[in-house]
Each structure stands twice: as C-alpha cells, then as structure tokens.
Amino acid sequence: MRKICVINQKGGVGKTTTAVSLAAGLARFGKRVLLVDLDPHSNIELSMDLDCSYTSYDYLFDGVILSECLNPVGTNFDVVKGDSRLLGVDGDLANQELSAKIREKLDLIRNYDYVIMDCAPSMSLLNRFFLLFSREVIVPTTADPLGYDSLKKMVSFLEKFSDYNEIDIKVLKIVPTLFDSRNKICRQVLEQINNDYYELVSAPVRINSKIKEAPRNKKSIFSYAPNSNGSEDYLVLVQGVIYSENSFKEESASISISEKIGKQ
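In this text, residue positions in the sequence shown follow the working numbering: the first is 2, and each later residue adds one.
Next up, the structure:
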C-alpha cells in the first residue's frame, strides 16, 4: 500500500485539486484508493458529495472506526473528510501515548492500493506526523516567483526532516499548477523548476476554467470535463504515479531526496 502526502506550506497552489484529481484518476485505473482530508479547512468536502458525518478527526482522535468515516464516491474510491478540530491537535500530539495510539489507527488502514492525504498548508506537527507515515510526497506549486521560493523551502525542509529522522522521504512528483503559457514569468519559472528538479516535474497543469468549475459541481475534473486540458494534464500525473510503482518499496522510499535532486 502506497501512502502519499500532497503538501506545500504555501496555500493557493492547487493542493486539494491535485489530491482529488490524483485519487480520482487512480481509481479510474482500477486502483483501490482512500483519500483523507487532513486540512482543517476541509476543502475536499466542498469539492465532492460527502454524506458521512464522521471525519478524519473522529477516526484519529475520537475512537470512531474507519468504516464509519468512509464516504464511497465511486468504484474503488473512498473519502474521509476533514475537520476544523484538526487545527488544535498539535499540542496533543506531543503526548507520546496519544501519538502511539494514532500510529496504531493508521496501521489499521488496509485493503487499499493508495492512501492519498491532503495536508494543510503548514509545517505543523500533524503534517510532520503524516510525513513519517507516508514516506512519499507530491508537491503542487505555482509557476511564479513566490511559488518557486516556497517550493525550494518545502524541498529543503523535507530533506532536513528526512535526515533528522534518519528516514528517506521521496519527492514523488512536483506539479506546477495554474500555468499560463502566455505569461513570460510563468514560462521562466517553469524552466527554472525543470532545471532544478529534472524528472521529478510532472506536466504543468494549465490554467483552465473547467478545473474551477468541477468542484462547484461536486465532481473530479475527469468526470466533469474529461476532454479538457485539466483532465489531460492531471492524467499525466496519474500515469506517472502508476508508472513509479515498479520502483516503490513499502519499508523505505527507493530514492531519497538528496539522491534524486541533490542538496538545495
């Protein structure tokens, strides 16, 4: 079972859209997928039809069993929605006994090929906890100077976090979003991202009205506009993740950040 955090410390980079699109796309390829919203803003709930009242907070902290938190949204595809109460859990996670119980709850997540986690735009203790759990990361970023700066800081943090904890966290893909090929700055920043991170970079997700319309209609981009640029671009990401299954190892990411892209 692969566990992937979709994360960036900067907001407004298309993180939730990327998490939903990746999860929905993997399910369309027959993968058994669990999408978990770990963001207190609970944006996934705004993007999909989710009827279950229980949340990721209820599962992790209140003892509700996983099956009662699941929202089946399609064949092979379940979702656990977020909760504003996640905003105040960092202090609780310092309790080693509670942290151990949460790890036990995470170990009970089975029968899926992929667990996709939509993380909050921060470097909270909760996010760090799930980085340790997942070991694989996808980083969405905008192709502009502020987005590029945040991307560098994010990758640097992941490298240092890996070294400190003596584990390998694999940056699986970097996903440039909201890309406007008519904009010179966008083109220049995308070129810089490609120069810095090589094959880690997925095809840029072109700015597209259908991507904004899809969540308003409670659908993924693949269901809402299957022939759109957004669907085409996110399909590249999905196929890239599936292709990487050959090199995936459960216990440790096969290639560390420092091996893949060098020191930042």
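Just so you know, even glycine gets a beta-carbon here, dropped at the ideal spot from N, CA and C.
Predicted model, so just to flag it, every value in this text is computed and none were measured.
Item                                                                                                                                                                                   : Value
If you scan the segment 185 to 226 from start to end, which runs of the alpha helix (DSSP H) of 4 or more residues do you find wholly inside it?                                       : 185 to 198, 210 to 217 and 222 to 225
Report the CB separation of residue 242 from residue 171 in whole angstroms; it is logged as a contact under 8 angstroms.                                                              : Wrong, their Cβ atoms sit about 12 angstroms apart, outside the cutoff.
Can you give me the C-alpha to C-alpha distance between residue 23 and residue 76, rounded to a whole angstrom?                                                                        : 15 angstroms
Touch check for the segment 98 to 107 and the segment 39 to 51: three-plus C-beta pairs under 8 angstroms?                                                                             : no
Please give the ranges of any beta strand (DSSP E) in the segment 28 to 62, keeping only runs that are unbroken, at least 3 residues long and fully inside the region.                 : 34 to 39
So within the segment 87 to 148, which uninterrupted alpha helix (DSSP H) runs reach at least 4 residues, ignoring any that extend past its ends?                                      : 91 to 94, 97 to 108 and 126 to 135
Helix, strand or coil for residue 5? Go by DSSP, reduced to three states.                                                                                                              : strand
Which residues mark the beginning and the end of the alpha helix (DSSP H) in which residue 241 is found?                                                                               : 230 to 244
Output needed for residue 223: all residues of its chain with C-beta closer than 8 angstroms, excluding positions within five of it in sequence on either side, in chain order.        : 22, 25, 26, 29, 232, 235 and 236
Hey, residue 20 and residue 119: beta-carbon distance below 7 angstroms or not?                                                                                                        : yes
Tell me the DSSP bridge mates of residue 1?                                                                                                                                            : Residue numbering for the chain in the displayed model covers 2 to 265; residue 1 lies beyond these limits and cannot be assessed.
Can you list, in chain order, the residues of its chain with a C-beta nearer than 6 angstroms to that of residue 253? Leave out the 5 residues immediately preceding and following it. : The predicted position of residue 253 is uncertain, since its pLDDT is 43 and thus under 50; no value can be drawn from it.
For residue 52 and residue 72, what's the separation of their Cα atoms in angstroms?                                                                                                   : 7 angstroms
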